[in-house]
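*Asks:*
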Amino acid sequence: MLELFPEHLAEFELALHSGLRRGEQYHAQWQNVDFERRVLTVPLDKSGRTSHVPLNAGALHSLAELHKRTGDSDLICGGARSSRSWFERALEATGIRDLRWHDLRHTFASRLVMSGADLRTVAELLRDSSLAMVMRYAHLAPDHRMAAVERMEAAFSTELTATRTATEVINAPNARTSAVQ
43 MLELFPEHLA EFELALHSGL RRGEQYHAQW QNVDFERRVL TVPLDKSGRT
93 SHVPLNAGAL HSLAELHKRT GDSDLICGGA RSSRSWFERA LEATGIRDLR
143 WHDLRHTFAS RLVMSGADLR TVAELLRDSS LAMVMRYAHL APDHRMAAVE
193 RMEAAFSTEL TATRTATEVI NAPNARTSAV Q
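The working numbering applies: residue 43 is where the sequence shown begins, and numbers increase by one.
1) Less than 8 Å between the CB atoms is what I'm expecting for residue 57 and residue 71, so what's the real figure, rounded?
2) Buried or exposed: which applies to residue 110, given that a residue is buried once 16 or more other Cβ atoms fall within 10 Å of its Cβ?
3) Quick one, which of 78, 130 and 64 has its alpha-carbon nearest residue 139's?
4) When you compare each of 65, 88 and 94 to residue 24 by their alpha carbons, which one comes out closest?
5) Residue range of the alpha helix (DSSP H) that residue 108 falls in?
6) Thinking residue 177 and residue 161 are a contact (beta carbons under 8 Å), I'd like their distance in whole angstroms, please.
7) Could you tell me if residue 191 is buried or exposed, where buried requires 16 or more neighbouring beta carbons within 10 angstroms of its beta carbon?
8) What three-state label does DSSP hand residue 152 in the structure shown?
9) Can we say the segment 101-121 touches the segment 44-64, given the rule of at least three CB pairs closer than 8 Å?
Printed below as a string of structure tokens:
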């Protein structure tokens, strides 16, 4: 898809790295990007409040590429119509039928979960999601759940070892008695 529209790769990647909604991304202005703090301020998000989107290295790289392209424009990506035209043409040209721009936001959430982010953090980064809604991503983290219980065991292993040793001492006379009989 992006081979057809390489000039839009940075827009696509910004969505994947930030979880921005289409309207937020295509109405975002350069004046709302704080490169030093690595934050994009969304003046009015879907819920009608100001929110702050943290920008990882991938998002910052995308913004740098977009800045080269947009020059003096106030808008980071060139306005809402920009995404509809190239994205829909790319989907049509590739025969992809079941993909919407909003699915990039779901991909962002899925990648967060698969990289070990807890569901509360995912909900906060999505900026309007209840924990109940974010639970649909929980199935993506089975390895992370196992890793979590293993970290817990490692953190408390000395405590567990002491408990096991005490149990062995308490049960040792019973074990000797039954061995003699």
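Glycine included, C-beta positions come from ideal geometry on N, C-alpha and C.
The structure displayed is predicted, hence computed values, not measured ones.
*Replies:* Straight from the coordinates:
1) Actually they do not touch by this definition, with Cβ atoms about 17 Å apart.
2) exposed
3) 130
4) Lying outside 43 to 223, the shown extent of the chain, residue 24 is not represented and no answer is given.
5) 99-112
6) 7 Å
7) exposed
8) helix
9) yes
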